[in-house]
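Residue numbers (the working numbering): 25 to 179. Please read the structure below before turning to the comments.
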């Protein structure tokens, strides 16, 4: 089974996401996909180059980071499953409304496979009625929403 593992810019969650990725990599072929923010933004939580290197070591292949790399995913049905984790509020809203204005949202909308989304945002954002509507909209369109866990917030 080939699983696309798409990472958005919720950098503070990467420490929790990478162990999940490691577990999945033991059972499935993972294709890592980095949003533009993930691929090109350093934060107080780490450098993007270090994150990309760590993901490449886990998945045994370099992350996809641009449109030409991801274009074949939809038409060629290259994925059996697509997981977006962490999924920022911004990306969540774009997906709920069919906006494909960057590489990651384009690949999610084009992929012809089941999709799972794991929201990663602060409590205020997650509980906002608009975000809750967006989650219901994604579920209406067949996405599976992985419930957020609670914990210490980074912001």
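The beta-carbon is built from N, C-alpha and C at its ideal position, and this holds for glycine as well. Only a predicted model underlies this, so the values are computations on that prediction, with no experimental measurement involved.
Query raised in the report: Per the contact definition of three or more C-beta pairs closer than 8 Å, is the stretch 121 to 132 in contact with the stretch 66 to 81?
Result: At 8 Å Cβ cutoff, the stretches do not touch.
| field | Cβ neighbours of residue 159 in the same chain (closer than 6 Å, five flanking residues each side left out) | value | If we look at residue 159 and ignore the five residues flanking it on each side, its Cβ neighbours are 169.
**Asked** Starting from residue 150 and walking both ways along the alpha helix (DSSP H), at which residues does that stretch end?
**Response** That run of the alpha helix (DSSP H) goes 147 to 151.
Please tell me whether residue 61 and residue 28 are closer than 8 Å, where the distance is taken between their beta carbons. Here residue 61 is not near residue 28, since their CB atoms are 8 Å or more apart.
### Query
Is the stretch 70 to 77 touching the stretch 104 to 113 in the sense that three or more CB pairs, one from each, lie closer than 8 Å?
In the pairwise beta carbon analysis, the stretch 104 to 113 is classified as not touching the stretch 70 to 77: fewer than three pairs are separated by under 8 Å.
- Message: Comparing C-alpha positions only, which one of 42, 45, 25, 99 sits nearest to residue 132?
- Response: Distances from the alpha-carbon of residue 132 to those of 42, 45, 25, 99 put 99 closest.
Apply the 10 Å Cβ neighbour rule to residue 166 and answer buried if 16 or more other Cβ atoms are within range, or exposed otherwise. Classification of residue 166: exposed, given that the 10 Å Cβ count is below 16.
Beta-carbon proximity of residue 126 to residue 172, cut-off 8 Å: For residue 126 and residue 172, no; Cβs fall outside 8 Å.
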